[in-house]
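J.:
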């Protein structure tokens, strides 16, 4: 049986040509290979489509419907932003030969006689294929029946529920082993490669693992979502890839898979069927060689020409495009200009330079300074000695865990809440929608969801926005880089104008929360620590917080001055380490200046060095004479000491013999004890063996009984295992039946609810029309009484006829809907609840317990031991008697050795003579030590005097060379001053700021492209002024939006909708650059109604840009406030303001304890 597997059709008006080319290829392949089924694994739509001729909606529907005339079509829902909820239901209503079926998770289907039917337990006999479907994993549908989305265990529950869903699908496969199994699934698989060449890791949120795929136990798994066609290694899963390349980043060959499924359990044959789309290609060329175009072979090309404004000015995009098409490029190719502005940037390559020496060389080329080898060596030593780079390049990844807010005016105004507890740590990763009516307090929560001691866009002190005497903001954060936790607590007396405010900041490094050094409740140390840990508030508002309006203190980039923009870029650049180098160079310069002063002072006192030399020479001679006298005394003491040591050696030799004899006696005694112990043990063993012989018959009887019990226990255990296996199989069958029953009932209840809504809607429309028809049709105007013109009377009659026709149509639909309702109710009544299987205990359980108890009471080890000992007892007793005789002989021998050693010791002289000799040696050694110390002191004093004499002579020589040294030292000071200037704000730091702009522009443009916008963003920190030989670069700071055609527009002049796109892309680029350069990243990002200026379709594209920034920056959570129901539904999870409660452990509390 052959299956056609396709996915990611992305039907939309803008790509209708590509869609219908792919459709024709799918239709042709299905007919040519005579497939038994067509499987579409999600993303049929690219997004919401209006039901109008202009949107080509009817044409797309007809194309999919016609596939059902060739073979049965199975499809699943894909990504919610593409296949929005309910968008596929229309396909099941289309009439076609084989039908179209949407596969629901948890429901099994079969392919039978050219149709796809739900498996109902009685239709599997003639079935050819078992089919299941799993749409893109989402907590919203996976655990909607088990727990509320966003609850504390939501992530664990979702992953476990998803794993159980895959296992349940695999169990269904095992239940019908004769049928081959096909599973349609949409989502990302760990280890797959995207169309842009990125390999997927485990990531955040729900995704398929290879273990999930293996647990499905299908012959073939038809995957959708990733646009790169591929096989997942180690599984039976294939991605079909997109039906056509959606953008120029997708360079794969579009197509579908023809799958030949054989017997169950056997490998399938998979063949690629390519579509006739041209492949994509991205070419980059410089303006100087833009017309040098290579030959193409039916490729759709994005030809990007890079250069400065001056270089791109003479080029025409239309001419280049015509030349591109003439060289074989396919229709749909495009030409864009990328204005690099490489000329005004003074040194763009400085961002690629890693060492201080490389950056210094770049600065010298720009500034015209000359670098000597001495200056370069100083830069190297400065880099080695200064640890500023590591100190500045901190690594912090902050995630907001919780906010407890009490007394906020914005929460009381409409929601009437004194306190709320927003626990984000219990939510999983992803995009979170904060939902509530206008004025409910959404913005109030977001304005407090940060550590700075103020609100973000609202002016005035923080206390002015609270109302209670015990108001507070209690914020909890985690630094994922260090696992440290932070608690930012601000307490306010807000019920009176003169109320106080306390600021507390705590850190938990694993031993509990403790205040940071200097934190005492006052604002100044709190604010200093906040900026040290998290950076400036302005930077936070441009990297982690986006609102529809900005505050006066932190204006939008379009309204900020050039100075404010440059200050923000300085912080983004992360160049504190260069400032540390400047300070180190300044310290070197200051130290050398101090050395210069010292050198000048020394020069003034060198004139007295000659007299100092004569005095030191005399002192050296006196110390030498005293040392010679003490050396003669030392020789005499050494002679006496050697004689005493010789005498002591003789005595020590005698003592060694004494020690040997004592040790020999001790060893003999120890051996005597050992032998006696062995003798006693032999006698005890003989008696024990005799006892074993007496007990042998009794123990043998016990062993025989134990064997009988064990044999009976094994027989009973085997019978019990068989009984338990039967009951386990009955329970497994019951669970499968219960799963099928629950799924069918849920589908019928959902259908019933939909019918009830339709009936209520029709009744309401009928009532409205009946009220209009009940009004009499008069010839006079009801307002003024004058007779109505004939054409107006005719118009009223036409409207009444239309109302009557509409009413008749509504009555007909009501009759149909009531019939559907009755039919659905009948189906609900016909459902039969499976009966719970009876559980019976194994009848031999009591006998088994009795035998086990009897067996446990038998000391089998003792019985075996006694029997074994008895069997060897007679031979062992004879051997022990021989050993006993040997021990008696050895005991006699040891006794004789002890007596001989005692006799020798008694004949040795006493030890008092040794003690006298030791005392004499000690006295001589002390005298020798004192003499040597006297000699050493004399020699040390002489050496010190010699050193001082040598130093005095050097001072005389130094006096003559002092002029040259002063000159060299002055040169050193000048070189360190140059290094300080080079690493200062007007040196390398300024060049770093210039070079940062292109990086932000590139990232912002890439994020902008994720929304479908083909324009780009350019940040200009310099501009060219003057003409000809007087042309030069001057400081500037403008942010430009460049359209795909190359038209430039300053962001302050953009419309409201356009500004939303550009501002969001720039702020997200700021977030990425900040993480790269400063090591600080906020893993929780906030968007407060930033989509307010966008229309319906643009909001969906805006969410795709949010998703792209969320993934690229590695965020944990993105919190959005939006009144768009579409964006709320597409978010991974939602939090309703009305559901937020006070903190459970501190409800109505009057105070908060401050940790010690």
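Numbering (my numbering), first residue to last: 2 to 1157.
Glycine is no exception: its CB is placed at the ideal position from the N, C-alpha and C atoms.
Within the chosen definition, does the stretch 19 to 32 reach the stretch 266 to 284 through at least 3 CB pairs nearer than 8 Å?
T.: yes
J.: Relative to the C-alpha of residue 1016, which candidate in 337, 2, 934 and 403 has its C-alpha closest?
T.: 337
J.: Within its chain, find whatever has a CB closer than 8 Å to the CB of residue 704; leave out the 5 residues flanking it on each side and keep chain order.
T.: 861, 864, 865 and 868
J.: Would DSSP call residue 172 helix, strand or coil?
T.: helix
J.: Tell me, which residues are paired with residue 698 by DSSP?
T.: Partner(s): none; residue 698 has no beta bridge.
J.: In three-state terms, what does DSSP make of residue 131?
T.: strand
J.: DSSP three-state label for residue 442, please.
T.: Coil, per DSSP.
J.: Identify, in the order they occur along the chain, each residue of the same chain with its Cβ nearer than 6 Å to the Cβ of residue 1144, setting aside the five sequence neighbours on each side.
T.: If we look at residue 1144 and ignore the five residues flanking it on each side, its Cβ neighbours are 405 and 422.
J.: Which residues bound the alpha helix (DSSP H) around residue 1?
T.: The displayed coordinates of the chain run from 2 to 1157. Any statement about residue 1 would go beyond what the structure contains.
J.: Leaving aside the five residues before and after residue 1069 along the sequence, list all residues of the same chain whose C-beta is less than 6 Å from its C-beta, in chain order.
T.: 1008 and 1110
J.: Please report the distance separating the alpha-carbon of residue 432 from that of residue 1140.
T.: 18 Å
J.: Using the Cβ count rule (16 or more neighbours within 10 Å means buried), how would you classify residue 1103?
T.: buried
J.: Kindly give me the distance between the Cβ atoms of residue 507 and residue 527, rounded to whole angstroms, as I take these residues to be in contact under 8 Å.
T.: About 11 Å separates the two Cβ atoms, so there is no contact after all.
J.: Using 10 angstroms around the beta-carbon of residue 120, count the other beta-carbons present and answer buried if the total reaches 16, otherwise exposed.
T.: With 16 or more Cβ atoms within 10 Å of its Cβ, residue 120 is classed as buried.
J.: Got a sec? Which residues, its chain only, sit under 6 Å from residue 361 by beta carbon, not counting five neighbours each side?
T.: The residues are 380 and 983.
J.: Run through DSSP, which three-state label would residue 724 get?
T.: helix
J.: Alpha carbon to alpha carbon, how far is residue 664 from residue 916? Give it in angstroms, no decimals.
T.: 22 Å
J.: State the start and end residues of the unbroken beta strand (DSSP E) segment that holds residue 516.
T.: 514 to 516
J.: Helix, strand or coil for residue 488 per DSSP?
T.: In the structure shown, residue 488 sits in a strand (DSSP, three-state: E or B).
J.: Just the C-alpha distance for residue 782 and residue 795, rounded to the nearest angstrom, thanks.
T.: The straight-line gap from Cα to Cα measures roughly 14 Å.
J.: Which value, in whole angstroms, describes the spacing of the CA atoms of residue 78 and residue 414?
T.: 42 Å
J.: So the beta strand (DSSP E) residue 40 belongs to, where does it begin and stop?
T.: 38 to 41
J.: So, for residue 102: in the same chain, excluding its five sequence neighbours on each side, which residues have a beta-carbon less than 6 Å away from its beta-carbon?
T.: Once the five neighbours on either side are set aside, the close Cβ partners of residue 102 are 75 and 117.
J.: Closest to residue 519 by C-alpha separation, out of 90, 531 and 511, would be which residue?
T.: 531
J.: Anyone know if the C-beta pair for residue 227 and residue 252 falls short of 9 Å?
T.: By the CB criterion at 9 Å, residue 227 and residue 252 fall outside the cutoff.
J.: What is the residue span of the beta strand (DSSP E) that residue 812 lies within?
T.: Here residue 812 belongs to no beta strand (DSSP E); instead the alpha helix (DSSP H) covers 791 to 831.
J.: Return the chain-ordered list of same chain residues with a C-beta closer than 8 Å to the C-beta of residue 153, the five sequence neighbours on each side being excluded.
T.: Confidence is the limiting factor: at residue 153 the pLDDT is only 41, short of 50, which leaves the residue's position unreliable and the question unanswerable from this model.
J.: What runs of the alpha helix (DSSP H), each 4 residues or longer, lie entirely inside the stretch 67 to 116?
T.: 90 to 93
J.: When we look at the beta-carbon of residue 741 and count the other beta-carbons within 10 Å, is it buried (16 or more) or exposed?
T.: buried
J.: How would you label residue 147, buried or exposed, when you count the other beta carbons within 10 angstroms and need 16 or more for buried?
T.: A caution first: residue 147 carries a pLDDT of 43, below 50, which makes its placement in the model too unreliable to give a value.
J.: In angstroms with no decimal places, state the Cα-to-Cα distance between residue 1108 and residue 365.
T.: 43 Å
J.: Pop quiz: residue 39 and residue 10 are said to be a contact at Cβ under 8 Å. What is the actual Cβ separation, rounded to whole angstroms?
T.: No, residue 39 and residue 10 are not in contact; Cβ-Cβ is about 12 Å, not under 8 Å.
J.: Alpha carbon to alpha carbon, how far is residue 266 from residue 96?
T.: 35 Å
J.: Below 8 Å, how does it come out for the stretch 238 to 257 and the stretch 280 to 287: are there three or more Cβ pairs, yes or no?
T.: At 8 Å Cβ cutoff, the stretches touch.
J.: Let's see if you can read the secondary structure: which residues bound the alpha helix (DSSP H) around residue 213?
T.: 211 to 216
J.: Return the residue from the list 950, 544, 503 and 723 that minimises the CA-CA distance to residue 524.
T.: 503
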